[in-house]
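Numbering (the working numbering), first residue to last: -11 to 104.
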Amino acid sequence: MTRDRQVAQALSEGLNCLSAIVESLDVGASASELPRNEWLATLRAMGDAFDAILSREVATTLVVRQADCDLVRRLVGLVLEWTTTRQPPQELRTTIESILKIFDRRGTESAPDTQK
């Protein structure tokens, strides 16, 4: 599989994971419920995909900044916190919403640190 395809797949799976997390929150994840094991690996792969875009390993119209990569890493930390505390962190949903806005930005603006 090419690197471009790996990044595209990681982004797609990452978006599906974000949807699954929001769905879990919407149905009222109880204190005894923990995030699914695969969510962490999927979110880490999404972070790696963002890093690949930022470093220009792949060409895409998706505009990624360092702050976006940091945001995905923050989300991984929040999911880890959820497994520890057995409660979804308050900022989990807002962090996911911020990540989703990255995809809305596609082609509407440039990022100085990724495009020249």
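Backbone N, C-alpha and C fix where the C-beta goes; we use that ideal spot for every residue, glycine too.
Model, not experiment: these values are computed from the prediction.
Q) Which two residues bound the contiguous alpha helix (DSSP H) that contains Ser43? A) No residue range can be given for Ser43, since it is assigned to no alpha helix (DSSP H) and is classified by DSSP as neither H nor E.
Q: Out of Ser7, Ala40 and Ala29, state which residue places its alpha-carbon closest to the alpha-carbon of Asp(-8).
A: Of Ser7, Ala40 and Ala29, the residue nearest in Cα terms is Ala40.
Q) Leaving out five residues before and five after Val64 in sequence, what residues of the same chain have Cβ atoms less than 7 Å from its Cβ? A) Within the same chain, Leu28, Leu31, Arg32 and Gly35 come within 7 Å of Val64 by CB-CB distance, once the 5 residues on both sides are set aside.
**Q.** Separation of Arg44 from Thr83, as counted between CA atoms
**A.** Each residue's CA atom was taken as its position, placing Thr83 and Arg44 some 24 Å apart.
Q. Contact between the region -11 to 3 and the region 42 to 62: three or more CB pairs below 8 Å?
A. With the cut-off at 8 Å, the region -11 to 3 and the region 42 to 62 touch.
(Q) For the alpha helix (DSSP H) containing Thr(-10), name the first residue and the last one. (A) It is not in any alpha helix (DSSP H) - Thr(-10) carries neither H nor E in the DSSP assignment.
Q) Between Phe38 and Val52, which are expected to be in contact by the criterion C-beta below 8 Å, what is the C-beta distance as a whole number of angstroms? A) Confirmed, about 5 Å.
(Q) In this structure, how does DSSP classify Glu26 when only helix, strand and coil are distinguished? (A) Glu26: helix per DSSP, three-state reduction.
Q | Start-end ranges of the alpha helix (DSSP H) lying completely within the region 57 to 97, minimum 4 residues | A | Look at the region 57 to 97 and you find these whole runs of alpha helix (DSSP H), each 4 residues long or longer: 80 to 92.
Q. Should Val15 be labelled buried (16 or more other beta-carbon atoms within 10 Å of its own) or exposed?
A. With fewer than 16 other Cβ atoms from the protein chains shown falling within 10 Å of its own Cβ, Val15 counts as exposed.
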